[in-house]
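Residue numbers (my numbering): 2 to 120.
Structure first, commentary second.
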């Protein structure tokens, strides 16, 4: 595990919010940006999250604020709950302290979706 990453070791589950296309989350909603053909970031610190992770936010209101700037990504927010002791790796990325990458397979990530709400 690299610096800045952690397996969930908190006592409680931790929710994150992912912008998704429809009212039901799909496997494709949890593909890394690279797998979706999105351009590689110029910032080298963001290349691993782009290639292997998914982008999430730790607050629903902040996720909505980000969505308002990027509505093309989808119209819904999936609440993804990472349980304590989960194999899913969490990493804070970039300058935004509320922006995280989750590392796990798309299938693993899809199984921890608690609900999907309109953005």
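Think of the CB as a built atom: it goes at the ideal place given N, C-alpha and C, for glycine as much as any other residue.
Everything numeric in this text was worked out from a predicted model, so none of it was measured.
Query raised in the report: In chain order, which beta strand (DSSP E) runs of at least 3 residues are fully inside the stretch 2-87?
Result: 6-8, 15-21, 55-58, 77-83
**Report entry** Classification of residue 54 by the beta-carbon crowding that lies within 10 angstroms, buried from 16 upward
**Finding:** buried
Requested in this report: Would you kindly report the start and end of the unbroken alpha helix (DSSP H) that includes residue 107?
Outcome: 107-112
Query raised in the report: If you run the structure through DSSP and keep just helix, strand and coil, what is residue 116?
Result: strand
Query raised in the report: Taking just the CA atoms, how far does residue 106 sit from residue 29?
Result: 11 Å
Requested in this report: Indicate whether residue 81 and residue 57 have their beta-carbon atoms separated by less than 8 Å.
Outcome: yes
Query raised in the report: Taking the alpha carbon of residue 76 as the point to measure from, which residue in 19, 120, 109 has its own alpha carbon closest?
Result: 120
Query raised in the report: By how many angstroms is the C-alpha of residue 50 removed from the C-alpha of residue 23?
Result: 23 Å
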